[in-house]
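Every number in my numbering is 329 more than the matching position in the sequence shown, counting from 1.
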Amino acid sequence: MPAANYNFTIEKGTAFVISFEYQDDTNTAINLTNWCARLRWIDNNGNITTYNTNVRNSSYEFTISPKVGKITLKIPASQTAAFDFTSANYDLELQEPNDLYSGGGKKVFRILQGSVTLQERNVADTDAFSCSFDSQDSCGTC
Numbered sequence: 330m331p332a333a334n335y336n337f338t339i340e341k342g343t344a345f346v347i348s349f350e351y352q353d354d355t356n357t358a359i360n361l362t363n364w365c366a367r368l369r370w371i372d373n374n375g376n377i378t379t380y381n382t383n384v385r386n387s388s389y390e391f392t393i394s395p396k397v398g399k400i401t402l403k404i405p406a407s408q409t410a411a412f413d414f415t416s417a418n419y420d421l422e423l424q425e426p427n428d429l430y431s432g433g434g435k436k437v438f439r440i441l442q443g444s445v446t447l448q449e450r451n452v453a454d455t456d457a458f459s460c461s462f463d464s465q466d467s468c469g470t471c
């Protein structure tokens with residue numbers, strides 16, 4: 330089955346979070362225990378960016394919630410502020426823990442493809458927004 334198509338937008342200089350749920354024909358979640366995911370895009374400048382699951386660092390977090398078939402990519406505002414493309418095309422792939430056949434390597438499925446649009450800010454700013462809570466009272470709602 331060919332990959333489904335889904336386009337999304339990232340707003341430059343804001344935290345970006347996107348989740349995908351992998352389901353079968355009856356909308357039942359596919360258990361992704363021991364699976365890996367990779368999201369790669371090539372931007373209009375020809376640069377390739379790769380996000381792999383089970384990574385959590387200052388650049389991004391890409392995780393799988395296996396029992397519910399959910400894949401979540403989080404990119405902090407400091408990273409999206411540095412993006413210098415206007416559009417990109419991406420692929421989302423899953424790698425199953427089982428070999429295709431003995432010695433044939435793991436099964437890989439391209440499940441999603443599409444375009445990424447970078448939405449520029451109204452006020453150009455390459456600085457990440459930073460807030461201090463020292464001046465607020467302890468009520469948490471003030």
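Virtual Cβ for every residue (Gly too), placed ideally from N, Cα, C.
Looking at the structure shown, is residue 407 part of a helix, part of a strand, or coil, going by DSSP? Residue state, collapsed to three classes: helix.
Residue 341 burial status per 10 Å Cβ neighbour count (16 or more: buried): Buried, by the Cβ-count rule.
Residue 385 versus residue 402: straight-line alpha-carbon distance, rounded: One C-alpha to the other measures close to 10 Å.
Does residue 346 come out as helix, strand or coil in the three-state DSSP assignment? Annotated three-state conformation of residue 346 is strand, per DSSP.
Whose C-beta lies closer than 6 Å to the C-beta of residue 438 among residues of the same chain, with five residues either side of it excluded? Closer than 6 Å at the Cβ level, and outside the excluded window around residue 438, lie 423.
So, residue 358 versus residue 397, is the Cβ gap smaller than 7 Å? Contact: yes.
For residue 354, which option in 447, 330 and 361 has the closest C-alpha, if you only look at C-alpha atoms? Closest option to residue 354, Cα to Cα, is 330.
Residues of its chain near residue 365, where Cβ-Cβ distance is below 6 Å and the 5 sequence neighbours each way are ignored: Cβ neighbours of residue 365 within its own chain (closer than 6 Å, five residues either side excluded): 382 and 424.
Considering only residues of the same chain and omitting the five flanking positions on each side of residue 371, which have a CB-CB separation below 7 Å? Answer for residue 371: 377, 417 and 418, listed in chain order.
Indicate the three-state DSSP secondary structure (helix, strand or coil) for residue 397 in the structure shown. DSSP places residue 397 in helix when its eight states are reduced to three.
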